[in-house]
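First comes the structure, then the notes that go with it.
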Amino acid sequence: MSNNDLDIQKKWWKEAVIYQIYPRSFMDSNNDGIGDLKGIISRLDYIKSLGIDIVWLNPINKSPNDDNGYDISDYEAIMEEFGTMQDFDELLNGLHARNIKLVMDLVVNHSSDEHKWFVEARKSRDNPYRDYYHWWPAEKGKPPFRKSFFDVNGQAWEYDAVTNSYYLHYFSVKQPDLNWENPKLRKEIYDMMKFWIRKGIDGFRMDVITFISKDINFPTITQEYLDENYNGSWTNYYAHGPKLHKYLKEINKEVLSKYDVMTVAEGAGIGAGDALKFVDEDMKKLDMLYHFDGTNLGYLPNQYKHMDPNGYSLVAFKEVYTKWNKKVAKKGWGTIYLGNHDQPRMLSRWGNDATEYREASSKMLTTFLLTMRGTPYYYAGDEIGMSNIRFDKINDYRDIETLNMYEKIKKENGDLQYFLDGQKISGRDNGRTPFQWDNTNNAGFTGGTPWLTINPDCKTVNVAYEEIDPDSVLHYFRKMVKLRKSLPELVYGSYKTIDKKNANIYAYTRTLNDRSVLVMLNFSDQQISFSAPVSAGSVDEVLLNNLQNCKAHKNVFQLQPYQALIVRLL
Ligand code: TEU
Ligand code: CA
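The numbering of the sequence shown is the numbering used here, which starts it at 1 and goes up by one.
See below:
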């Protein structure tokens, strides 16, 4: 069925390529070792050169940086380390002048404990801000267990002596959860969102927005209950609070419906079956959601089988993306990502960062991200093939998640070496090492001491080096972006997976108005013979190849290790 049978509503954010910048690690302008807004401003022409349409900035609001900005102490001020509101205005104008939109990170499941609301709330039980947060009076006894992702004891209730009460924090003890039951709190959030929209931003990425509704009876939740109802996962339980969709509809009614802004939910705990509850246009809630079903798959067997015996398989990987695409094929819209600030580098996780394969597999993964159906979220640094830094020692890490989990395992006399081995693969700091601009000191990121160690591969993995190599990962990224924009079938075209049980090749067609392309991706380090099924159409010209040659006879391709091919089908 050609795609023009589907009445797809065209939207700017459906046609866009989104580039995510982690400001702390992108470019430092004042040699304090921390990236900042002026640093990003100094690199606007580079960002423009990529051909992307939207920049998603991780949080830049005032924060004590317990969780690198995901603990906000003033939602309408800029983090001191990042600069001033004037710098923000200059950055926004600089992006808009280059026809690039700006999406900000909305972190409203929790605030910092240094936010004035929490400073007030913990003063007394009758403080006007008390109900901006979730409290449990100690005279009721200990509150029922709730898991915290970042607490050294794994406990989400923290005792606060001043008012002889406990407060709830799903993340660190310095990230108290906001009480969305309170209409006054919700109005404060909506007013803040309007403040930023009136400043001219173009949308929000909504941090763990799925967690904002809590069952305020705080019932006892047993592991058996989690196993029976939430696949044993606290994340899944947290993501199904009783009033979540009421709040999402209210956010849309009170704020989003009044402006042309885009929204994307960080969809922790949400399965494909629930996708349309969030992104079906008729629901009038959000535009997009990104899921974790792909990134939560096990690790590559050839590299880390010992870490995850169930391991990932390409067949499972393909099933995830095909399942999610199917859910939003007719209504709603999808997203595609493999890397972000919470993930290890996609090259190390899903490709192969060995010298022999790093360029080919980087380009292959980029081809996947930019030929799938749905808005691609591309993480800064992946366009030059940055890889995991694989720290050996806990002292090398800065991420509160790694540091606190280490402490927790130490308290429990657990296997610290096993944990550190695992962090080399999945630790979030692998994706947060400073951007590599050139082969000068500190990779051109800072004239000071970088806040996080720079990957030693920066001598050759850097923008300057790759600008002069026409076959570089960087030039391939630009080519792939350009190709996506030149072929409407790669944006709005239907997606159909081919040979889904193939253990090494991910192949699919994209079709719009009877124009079809076939994408073939070799996810393995082997040469694989692949017969493009004639039902997909007869193979015509090769539109893009991440390697120099293409061995084919009629519709049989000898795909080299990590080869990516896009061919026109007649
Ligand atoms: O991440 C939430 C999230 O994805 C966690 O539920 C995830 O499972 C956890 O990081 C384990 O890997 C968002 C932000 O993206 C993240 O950077 C913040 O640390 C977190 O929320 C708290 O704001
Ligand atoms: Ca700085």
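Think of the CB as a built atom: it goes at the ideal place given N, C-alpha and C, for glycine as much as any other residue.
### Message
Would GLY332 and MET262 be called neighbours here (beta carbons separated by less than 7 Å)?
### Response
no
### Message
Check for me: the alpha helix (DSSP H) holding GLY39 runs from which residue to which?
### Response
37-41
### Query
From ILE52 to SER165, what does the alpha carbon distance come to, in whole angstroms?
49 Å
#### Entry: Sheet register partners of LEU559 (DSSP bridge)
ILE528
#### Entry: According to DSSP, residues forming a beta bridge with PRO376
ILE336
### Sub-7 Å separation of ILE201 and LEU289 beta-carbons
no
### Task
Give the straight-line distance between the Cα atoms of ASP549 and VAL461, rounded to the nearest whole angstrom.
Checking the sequence, you will find Asn at residue 549 rather than Asp. Rounded to whole angstroms, ASN549 to VAL461 spans 24 Å at the Cα level.
### Message
LEU168 and ASP160 - do their beta-carbons sit closer together than 7 Å?
### Response
no
### Query
Does the beta-carbon distance from PRO64 to VAL107 come in below 7 Å?
no
### Query
Based on the DSSP output, what are the partners of PRO137 in its beta bridges?
SER165
### Query
Mind pulling the beta strand (DSSP E) runs of 3 or more residues that sit fully within the stretch 57-131?
74-78 and 101-106
### Query
Rounded C-beta distance between TRP451 and ARG24? I'm assuming under 8 Å.
7 Å
### Task
Quick one: measure Cβ to Cβ for ALA380 and GLN20, integer angstroms, because I've assumed they're closer than 8 Å.
6 Å
### Message
By the three-class DSSP mapping on this structure, what secondary structure does GLY444 have?
### Response
helix
### Task
Could you tell me whether any non-hydrogen atom of ligand 2 is closer than 6 Å to the CB of ASP36?
yes
### Query
From this set, THR235, ALA503 and LEU248, which residue's C-alpha is nearest GLY269's C-alpha?
THR235
### Task
Tell me whether GLN417 sits in a helix, a strand or coil according to DSSP, three-state version.
helix
### Task
Taking LYS116 as the reference, give the member of LYS62, GLY141 and ILE389 with the closest Cα.
LYS62
### Query
For ALA138, which residues from the same chain have a beta carbon less than 8 Å from its beta carbon, with the 5 sequence-adjacent residues on both sides left out?
TYR159, ASN164, SER165 and TYR166
### Query
What are the uninterrupted segments assigned as beta strand (DSSP E) that are 3 or more residues long and contained completely in the stretch 471-530, given in chain order?
494-498, 505-512 and 515-522
### Task
Apply the 10 Å Cβ neighbour rule to PRO533 and answer buried if 16 or more other Cβ atoms are within range, or exposed otherwise.
exposed
### Nearest-angstrom Cα separation, counted from LYS424 out to LYS174
26 Å
### Beta-carbon contacts of ASP36 that lie in its chain and below 8 Å, excluding the five residues immediately before and after
PRO23, MET27, ASP28, SER29, ASN30, GLU81, PHE82, GLY83 and ASP87
### Query
Can you find at least 3 beta carbon pairs, one from the stretch 291-298 and one from the stretch 237-250, that sit closer than 8 Å?
no
### Query
How about the stretch 520-529 and the stretch 479-492: do they share at least three Cβ pairs that are nearer than 8 Å?
no
### Query
According to DSSP, is ASP588 helix, strand or coil?
What the structure shows of the chain is the stretch from 1 to 570, and residue 588 is not part of that stretch, so it cannot be assessed.
### Message
For TRP234, report the span of its alpha helix (DSSP H) as first-last.
### Response
234-238
### Task
Could you please give me the residues that DSSP links to ILE18 through a beta bridge?
ILE54 and TYR377
### Message
So for HIS553, helix, strand or coil by DSSP?
### Response
strand
### Message
Starting from ALA564, trace the beta strand (DSSP E) in both directions and tell me its first and last residue.
### Response
564-569
### Query
Is it true that the CB of THR402 sits closer than 7 Å to the CB of GLY427?
yes
### Query
Hey, would you say the C-beta of ALA380 is under 6 Å away from at least one heavy atom of ligand 1?
no
### Message
Please report the distance separating the alpha-carbon of LYS327 from that of ASP126.
### Response
47 Å
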